[in-house]
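The numbering of the sequence shown is numbering that gives the first Met the number 0, which starts it at 0 and goes up by one. We put the beta carbon where it would ideally sit given N, CA and C, even for glycine. A short worksheet on the structure shown next.
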Amino acid sequence: MSMKTTYVSDKQSESYSEDLRRELNIFEATSGIVKCFILATCAASGFSVALLSSVSLHAQHTQAQIDSVLANTRWEGMKDIVPKHYIAAHTTGTILIDGRLDEQSWRDAPWSQPFVDIEGDRKPLPRFQTRMKIIWDDQYLYIAAEMEEPHLWATLTEKNSVIYQDHDFEVFIDPNADNHNYYEFEVNAFNTIWELRMIRPYRDGGPNINPDNTDGVLSVVYLDGSINDPSDIDSGWTVELAFPWSGFDSYGTDGAAPTPGDQWRINFSRVQRRLQIVNGEYVSPRRTPPCNWVWSAQGAIAMHMPERWGFLQFAIRGDRSEVFVPDPTLVARDLLMEIHYLQKAYNKLTRTYAGVLDELGLTSVRGDYLIDLWSDGSTFTAMIENSNDAAPPAVFYINERGHLWRGGL
């Protein structure tokens, strides 16, 4: 038997000079007793014992080992992925959050391309189609998703449960594209929601604020089929969401609606469990990893890489033929992300961060960009600036925590 059901709810030093490094190499050639004397003397004079120790660790690895690690960072699987984009039009009328998407503004909004595997082209296309669309007005950002699903299933009913343990739909938003302080929303087919704030990605030590619910979020799930009934084949489920602009006032915005032409970083994920039917009930095997289907491919099984999320461009009011404007800073941002991943790989092997670019296999000039690097061994900051006089000046920084920002130190 098939029925249609609706669920509703409310809701970021100093650099080593080459001369210093040459001097520190002498430290490696000394005897143990002499080393102890040097370390004690340096400690008494306030010099960094950690610096000498880190150089010592570096010497334990051959350059070939270091080069091998640097050639196989996670960035290698991500760098060629071009983030997708979506142009969201301003609404032409009132939107009722009911899961049906029957207003004219929703009918005019184009569906996204079908979701792909989170790793991109190296994996097969998803078994079931997922697509989304976005519109906005002066009060809300509206997001809708439509998911094919022959087996509607959910178990979690308590708000702010770990929703991805069920089939779910997820939204990730970083309004100012700094990789830090971004918003995550998850919902299952029971319309049970989970909201949390990521202070920084898990790869950079987290942490998160869990839960971190936003006042005024609206969420509706519309089911085309019968949930938790293995005896029939369902059609799917639709999610309709409304996020008030005021809820983003602590995410790098002023809490007001964007200006037409603004761009935010955004991505969507669908977690799909591999269900079995046991004694007439759905069972999700605990040790079987789920499928992860996304709008804009990440290049790795990790949603918490905001640098690879897609672009959301807000359309000029009423103009539905607006052309997407590629982010002119993306090349600079990607170069800094490359440095970040190289530094993380270098640190994992040597337990220190590189203090000069050539230790990472890089030079200070890359195309139209000049790059500089500072490190004390336990932290680093990299800077990039545009050297092309014909282009607008731009200076960006990134540090060991993955915080990427524009402007001064």
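* Comparing alpha-carbon positions, which option in Gly-235, Met-197 and Gln-312 lies nearest Thr-258? -> Gln-312
* To do: Assign Trp-110 to one of two classes, buried (16 or more other C-beta atoms within 10 Å of its C-beta) or exposed (fewer than that).
  => exposed
* To do: Buried or exposed for Asp-173, please, with buried defined as at least 16 other CB atoms from any protein chain shown within 10 angstroms of its CB.
  => buried
* To do: Measuring alpha carbon to alpha carbon, tell me which of Met-304, Leu-335, Gly-406 and Thr-91 ends up nearest Ile-198.
  => Met-304
* Asked: Are His-84 and Gly-309 touching if we call contact CB-CB under 8 Å?
  -> yes
* Taking one C-beta from the segment 197-215 and one from the segment 232-245 each time, how about it: are there three or more such pairs within less than 8 Å? -> yes
* Asked: Going by beta carbon distance, what residues of the same chain come within less than 7 Å of Thr-72, once the five residues before and after it are set aside?
  -> Tyr-340, Leu-341 and Ala-344
* **Rounded straight-line distance, which links the Cα of Val-219 to that of Ile-96** => 7 Å
* Could you tell me the boundaries of the beta strand (DSSP E) in which Trp-404 lies? => 403-405
* Of all the options Asn-227, Phe-127 and Glu-194, which has the alpha carbon lying nearest to the alpha carbon of Pro-210? -> Glu-194
* Asked: Relative to the C-alpha of Ile-276, which residue among Ile-192, Asn-227, Ala-144 and Asn-180 is closest?
  -> Asn-227
* Option in Gly-235, Leu-372 and Gln-262 with minimal Cα separation from Arg-130 -> Gly-235
* Rank Leu-334, Thr-380 and Asn-346 by C-alpha distance to the C-alpha of Asp-367 and give the top, closest one. => Leu-334
* Asked: Considering only the beta carbon of each residue, do Phe-267 and Ala-143 sit closer than 8 Å?
  -> no
* By how many angstroms is the C-alpha of Gln-59 removed from the C-alpha of Gly-31? -> With a pLDDT of 47 at Gly-31, under the threshold of 50, the modelled position of that residue is not reliable, and the figure given next carries that caveat. Roughly 15 Å between the two C-alpha positions.
* Return the Cβ separation of Ala-296 and Ile-134 in integer angstroms, given the expectation that the two are a contact with Cβ distance under 8 Å. => So it is not a contact: roughly 24 Å between Cβ atoms.
* Within its chain, find whatever has a CB closer than 6 Å to the CB of Cys-290; leave out the 5 residues flanking it on each side and keep chain order. => Gln-271
* **Beta-carbon separation (whole angstroms), Phe-416 vs Tyr-181, contact threshold 8 Å** => Since the first and last residues shown for the chain are 0 and 408, residue 416 lies out of range.
* Asked: If you check the beta carbons only, do Phe-323 and Ile-86 fall under 8 Å apart?
  -> yes
* Comparing alpha-carbon positions, which option in Thr-91, Gly-98, Ala-256 and Phe-189 lies nearest Leu-140? -> Ala-256
* Proximal residues to Tyr-281 (C-beta, below 7 Å), its chain only, five neighbours per side dropped -> His-150, Trp-152, Asn-227, Pro-229 and Leu-274
* To do: Measure from the alpha carbon of Ala-188 to the alpha carbon of each residue in Leu-222, Arg-202, Glu-157 and Asp-177, then state which is nearest.
  => Leu-222
* To do: Less than 8 Å between the CB atoms is what I'm expecting for Ile-383 and Ala-301, so what's the real figure, rounded?
  => Their Cβ separation, rounded to whole angstroms, is 24 Å, which puts Ile-383 and Ala-301 out of contact at 8 Å.
* Asked: So is Asp-66 buried or exposed if we call it buried at 16+ other beta carbons inside 10 Å?
  -> exposed
* Asked: Measuring CB to CB, does Ile-162 end up less than 8 Å from Val-186?
  -> yes
* Asked: For Phe-230, does the three-state DSSP call read helix, strand or coil?
  -> Here the sequence assigns Ser to residue 230, which means Phe is not the residue at that position. The answer is coil: DSSP assigns Ser-230 none of H, G, I, E or B.
* Proximity winner among Thr-362, Leu-359 and Asn-387, relative to Thr-328 (alpha-carbon distances) -> Asn-387
* **Start-to-end residues for the alpha helix (DSSP H) that takes in His-339** => 329-349
* DSSP bridge partner residues for Val-394 (one or two, in chain order) -> Glu-384
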